[in-house]
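Chains as they are written, first to last, in our numbering: chain A, 1060 to 1525; chain B, 1293 to 1509.
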């Protein structure tokens, strides 16, 4: 593109430049020729009129003109001092006088029109270019034809010199121009080369490269747009990478969660098969095998639930808060009694919109977590209220609370706040991930507020108008 | 035989490893997190540590930095090459990935102990004494003539005592993978050992499985 533009511009310039020189030299030539003609015509007229007077004088003295021609015309030879002017006098196409005339005049020049008009022409011969003016002498001497030849070789030569000079200057200018064009185009096309290089490096994965922006012209505007495009690409790539990392994290965790119970089940089965053992050893091993299998079962079930939640549409219905709270009470009755927990329900609204099963599951899960966090005789408050025009359900416990670090990860699948796994806790680490998904399905926001030792508050804020 | 520290947060697996190691006669201590492991290492001396990597409080690599000259086997669900290389480059003696077979763990424990314990004790049971250093077997103080295969079989049985070994496993461990004989070879060698050492009651036939060398603990 660069070289095509360069060549096209250069050719266009060379054409117009040379054409200009051509036109100028043509005009100059014409001027030169015209002035030579004007001058010749003037001289011719002067000589002719002088000659007529002389003829009259000769005739008045009764002499024959032809005998005096030489002496009559002699004075005019001063004109040819510089050898540029030649004179020829014809009588009835017969040369009667000439000085140093060496060219044959064309016939039409020998017979100029009789009305006194003169013929002007430029003729080239071996020894130069001549302007020839030829005209008949007026009556009664119209048998005579006077030809005036002006040698304009010098003018032609100087014109040619000027023309050559012009072309030489033109050539030098063209060279200079082509160089400066090349330089200019290099400058103009430099950003393009830069863009192509940088876009290549972006394509190769260096998403953080940017074009340098300077000035306020079209190029810098384009560079800015290009940079903002690169920025967007980079952001999207980062997003994709984080997404992929999250997925990988999930798979890693999943594999780990699968492997651990499998190792235990296989190990205890192997132990039972091969080791010498007492009845109590046997029961011990079987207990582990059963609880680990149960753990896998729970995990499979919860994973399925999580997957279904992500795909399925929920059934929106009016749910009475009192019924939901009653459901929590009955489902978790045993655990509440066992831990002697004081549980308090506060209603400040009557209904929420949502899916019965999912809302039940969400609340039971959260309250169950609250019970787990509480020590014996703990206190849990569940409050349904309208806050800032939005319906919300809030579960507050006075249990052990969590650190900010734990809070950040708590809804990630398979995340465990307590790394040391207790096999009595059959959870697979998916409970809160499911809760978060249920909240998402209801367009609700799930928020945890907690400090170690100060208990935890979970807030479900419904953002839908329903 | 050796005192072993088991650092594993999963209670079920910790217990499983402990039980299996106890079967073959090791003394075991279980801890469930990194900090406990570090204080345990500082307070007591151990011959071997079995160390999980993903631990609460302090991860396995951090714990390992505090370990001074105690042979360590990493036992972890992290199977990636980079983790394994990291484990080995830090100076671990072995790296075992979950899920693992108990026999493999025992074999590796045995291998590490054999490498690191210079004065290996001998094994005594009843009238029989086996000297692992000189590869000699004594019955009532008298040396017993054993073929190399018989001795190797005896060593495998002793190292995995109280654990039943299938004929195929014995064939693999004693004769090697590429041995082309059938499992009756094992039976024949077992009979010979029983006769030579008077161990008819000690090397028990486990129904439908194989053999087990039983030692009362």
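Using N, Cα and C, we set each Cβ at its ideal position, and we do this for glycine too.
All values reported here derive from a predicted model rather than from experimental measurement.
| message | Going by C-alpha to C-alpha distance, which of 1311/B, 1326/B, 1421/B and 1389/B sits closest to residue 1450/B? | response | Taking the second chain and counting its residues from 1, the one referred to as residue 1450/B is at position 158. Closest option to residue 1450/B, Cα to Cα, is 1421/B.
| For the region 1449–1511 of chain A, which segments carrying the beta strand (DSSP E) assignment without a break, of at least 3 residues, lie completely within its bounds, in sequence order? | 1449–1456 and 1503–1509
| task | Would you decide whether residue 1395/A is buried or exposed? Buried here means 16 or more other CB atoms lie within 10 Å of its CB. | result | Locating residue 1395/A in the first chain gives position 336, counting from the first residue. Buried, because 16 or more other Cβ atoms sit within 10 Å of the Cβ of residue 1395/A.
| request: Give me whichever residues DSSP pairs with residue 1412/A in a beta bridge. | output: The count along the first chain starts at 1 and reaches residue 1412/A at position 353. Residue 1412/A pairs with 1377/A.
| query | Counting Cβ pairs closer than 8 angstroms, one from the region 1332–1347 of chain B and one from the region 1339–1355 of chain A, do we hit at least three? | reply | no
| field | Limits of the unbroken beta strand (DSSP E) element including residue 1443/A | value | By one-based count along the first chain, residue 1443/A stands at place 384. Start and end: 1438–1446.
| task | Please compile the residues from chain A whose C-beta is within a distance smaller than 9 angstroms of the C-beta of residue 1416/B. | result | Within the second chain, numbered from 1, the residue matching residue 1416/B stands at position 124. By Cβ distance, chain A contributes nothing, its closest Cβ being about 19 angstroms from residue 1416/B, past 9 angstroms.
| Simplified DSSP assignment, three categories, for residue 1423/B | The count along the second chain starts at 1 and reaches residue 1423/B at position 131. Strand at residue 1423/B.
| Taking C-alpha atoms, which residue in 1490/B, 1414/B, 1459/B and 1473/B lies nearest to residue 1499/B? | Numbered from its first residue, the second chain carries residue 1499/B at position 207. Of the candidates 1490/B, 1414/B, 1459/B and 1473/B, the one whose C-alpha sits nearest the C-alpha of residue 1499/B is 1459/B.
| query | If we cut at 8 angstroms on Cβ distances, does residue 1479/A have a partner in chain B? | reply | Numbered from 1 along the first chain, position 420 holds the residue referred to as residue 1479/A. Low per-residue confidence applies at residue 1479/A: pLDDT is 48, beneath 50, and the placement is therefore not dependable, though the value from the model is reported in the following sentence. Interface residue, yes.
| message | For residue 1291/A and residue 1254/A, I'd like the C-alpha separation in whole angstroms. | response | By 1-based counting over the first chain, the position of residue 1291/A is 232. By 1-based counting over the first chain, the position of residue 1254/A is 195. Residue 1254/A has its alpha-carbon roughly 17 angstroms from the corresponding atom of residue 1291/A.
| task | Using a cut-off of 7 angstroms between C-beta atoms, extract the partners of residue 1460/B located in chain A. | result | Within the second chain, residue 1460/B is the residue found at index 168, counting from 1. Those do not exist, as residue 1460/B stays about 13 angstroms from chain A at its closest Cβ, beyond 7 angstroms.
| said: I want to see whether chain A comes within less than 8 angstroms of residue 1381/B, judged by CB atoms only; does it? | reply: Position 89 of the second chain, counting from 1, holds the residue named residue 1381/B. False, the Cβ-Cβ gap to chain A never drops below 8 angstroms.
| Can you tell me the Cα-Cα spacing of residue 1229/A and residue 1075/A, whole angstroms? | Against the first chain, residue 1229/A aligns to sequence position 170. Against the first chain, residue 1075/A aligns to sequence position 16. Between residue 1229/A and residue 1075/A, the C-alpha separation is close to 11 angstroms.
| query | Under 8 angstroms between C-beta atoms, does residue 1305/B make it to chain A? | reply | Here residue 1305/B refers to the residue found at position 13 of the second chain. With 8 angstroms as the cut-off, residue 1305/B counts as an interface residue toward chain A.
| field | chain B contact residues for residue 1332/A, given Cβ-Cβ distances below 8 angstroms | value | Position 273 of the first chain, counted from the start, is the residue given in the question as residue 1332/A. Contact annotation for residue 1332/A against chain B: 1456 and 1501 [CB-CB distance below 8 angstroms, chain order].
| Quick one: Cα of residue 1325/B to Cα of residue 1309/B, how far? | Working through the second chain from its first residue, we reach residue 1325/B at position 33. Working through the second chain from its first residue, we reach residue 1309/B at position 17. C-alpha separation (whole angstroms): 16 angstroms.
| query | Would a check of beta-carbon distances place residue 1315/A closer than 8 angstroms to chain B? | reply | Locating residue 1315/A in the first chain gives position 256, counting from the first residue. Answer yes: the Cβ-Cβ gap between residue 1315/A and chain B drops below 8 angstroms somewhere.
| said: Does the CB of residue 1347/A have a neighbour CB from chain B at under 8 angstroms? | reply: If you number the first chain from 1, residue 1347/A lands on position 288. So, interface residue.
| field | Outcome for residue 1289/B when other beta-carbon atoms lying within 10 angstroms are tallied against a minimum of 16 | value | Nothing about residue 1289/B can be reported from this structure: the residues present for chain B run from 1293 to 1509 only.
| On the three-state DSSP scale, how would you describe residue 1404/B? | For this step, residue 1404/B is matched to residue 112 along the second chain. The answer is helix: DSSP assigns residue 1404/B an H, G or I state.
| task | Evaluate residue 1379/B with the Cβ neighbour count: other Cβ atoms within 10 Å of its Cβ, from every protein chain shown; 16 or more gives buried, anything less gives exposed. | result | Your numbering for residue 1379/B matches position 87 in the second chain. Per the 10 Å Cβ criterion, buried.
| By the criterion of Cβ-Cβ separation under 8 angstroms, what are the contact partners of residue 1363/B in chain A? | As a first step, residue 1363/B must be located in the second chain, where it is residue number 71. Under the 8 angstroms cutoff, chain A gives no residues; its nearest Cβ is about 22 angstroms from residue 1363/B.
| How many Å lie between residue 1179/A and residue 1206/A at the Cα? | In the first chain, counting from the first residue as 1, residue 1179/A sits at position 120. In the first chain, counting from the first residue as 1, residue 1206/A sits at position 147. Their backbone Cα atoms lie some 10 angstroms apart in a straight line.
| task | Can you have a look at residue 1375/A and say buried or exposed, based on whether 16 or more other CB atoms are within 10 angstroms of its CB? | result | Here the question's residue 1375/A lines up with position 316 in the first chain. Classification for residue 1375/A: exposed.
| field | Euclidean distance between Cα positions of residue 1147/A and residue 1193/A | value | Here the question's residue 1147/A lines up with position 88 in the first chain. Here the question's residue 1193/A lines up with position 134 in the first chain. Put simply, the backbone Cα of residue 1147/A is about 9 angstroms away from that of residue 1193/A.
| To the nearest angstrom, how far is it from the Cα of residue 1433/B to the Cα of residue 1427/B? | In the second chain, the residue the question calls residue 1433/B occupies position 141. In the second chain, the residue the question calls residue 1427/B occupies position 135. Going from the Cα of residue 1433/B to the Cα of residue 1427/B covers about 15 angstroms.
| Are the C-beta atoms of residue 1323/A and some chain B residue less than 8 angstroms apart? | As a working note, residue 1323/A is residue 264 in the first chain. Judged by the 8 angstroms Cβ criterion, residue 1323/A is in contact with chain B.
| request: Quick one: list the residues of chain A neighbouring residue 1390/B, beta-carbon separation under 9 angstroms, in chain order. | output: Taking the first residue of the second chain as 1, we reach residue 1390/B at position 98. Within 9 angstroms Cβ-Cβ: 1315, 1318, 1319, 1321 and 1322.
| Span of the alpha helix (DSSP H) holding residue 1109/A? | Along the first chain, read from residue 1 onward, the residue named residue 1109/A stands at position 50. Per DSSP, residue 1109/A belongs to the alpha helix (DSSP H) from 1061–1119.
| field | residue 1444/B: contacting residues in chain A (beta-carbon distance under 9 angstroms) | value | Indexing the second chain from 1 puts residue 1444/B at position 152. Going along chain A, no residue has its Cβ under 9 angstroms from residue 1444/B, so there is no contact; the nearest lies around 20 angstroms.
| said: When you compare the CB of residue 1482/A with every CB in chain B, is at least one pair closer than 8 angstroms? | reply: Taking the first chain and counting its residues from 1, one reaches residue 1482/A at position 423. With a pLDDT of 44 at residue 1482/A, under the threshold of 50, the predicted position of this residue should be treated as unreliable, and no value is reported.
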